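**Student:** In the numbering used here, the protein residues as written are 4 to 134. All C-beta atoms in this analysis are idealised placements derived from N, C-alpha and C, irrespective of residue type, glycine included. A quick note: this is a predicted structure, and the numbers were derived from the prediction, not measured. Shown below is the structure under consideration.
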């Protein structure tokens, strides 16, 4: 089982186990952000940003000295892929209802194979280290 962590105002509120369909397949990292409520609060318009699976590597780079990087077009996952990943996550109905009461514009939903960083704690945002 995987976990869903709910935070608000830089503090943890609760966490719950969730089931992921095809757990052997990677999820990737996706950040969904609630933009506005629609239909008198019955629906929410979301945007999504997905982190590429790989970033261009710098040849012969060291931590002390990094060579200039050529601008390279990244292969960014499509919103359809992010939505398909979201649809693989089975969240208990009572948890969905509980979260729905907490949602406001600018609320975020972060999906990641990597989990949250050790830097995530009380009085911090939710931090995911991707590489």
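Which same chain residues end up closer than 6 Å to residue 110 when comparing Cβ atoms and leaving out the 5 residues on each side of it in sequence?
**Tutor:** These residues qualify, in order along the chain: 37.
**Student:** Name the residue from 20, 115, 24 and 10 whose alpha carbon lies nearest to the alpha carbon of residue 92.
**Tutor:** Closest option to residue 92, Cα to Cα, is 24.
**Student:** Does the contact criterion of 3 or more C-beta pairs under 8 Å hold for the segment 14-24 versus the segment 32-46?
**Tutor:** No, the segment 14-24 is not in contact with the segment 32-46.
**Student:** Going by C-alpha to C-alpha distance, which of 33, 115 and 40 sits closest to residue 53?
**Tutor:** Looking at the Cα atoms, 33 is the closest of the given residues.
**Student:** Using 10 angstroms around the beta-carbon of residue 99, count the other beta-carbons present and answer buried if the total reaches 16, otherwise exposed.
**Tutor:** Exposed, because fewer than 16 other Cβ atoms sit within 10 Å of the Cβ of residue 99.
**Student:** If you drop the 5 nearest sequence neighbours on each side, which residues of the same chain put their C-beta closer than 7 Å to that of residue 88?
**Tutor:** 30, 31, 33 and 114.
**Student:** Taking the alpha-carbon of residue 106 as reference, which of 90, 85 and 39 has the nearest alpha-carbon?
**Tutor:** Residue 106 has its Cα closest to that of 39, out of 90, 85 and 39.
**Student:** Sort 108, 125, 112 and 84 by Cα distance to residue 41 and report the nearest one.
**Tutor:** Comparing Cα positions, the closest option is 108.
**Student:** Per DSSP, residue 46 is paired with what?
**Tutor:** According to DSSP, residue 46 bridges with 41.
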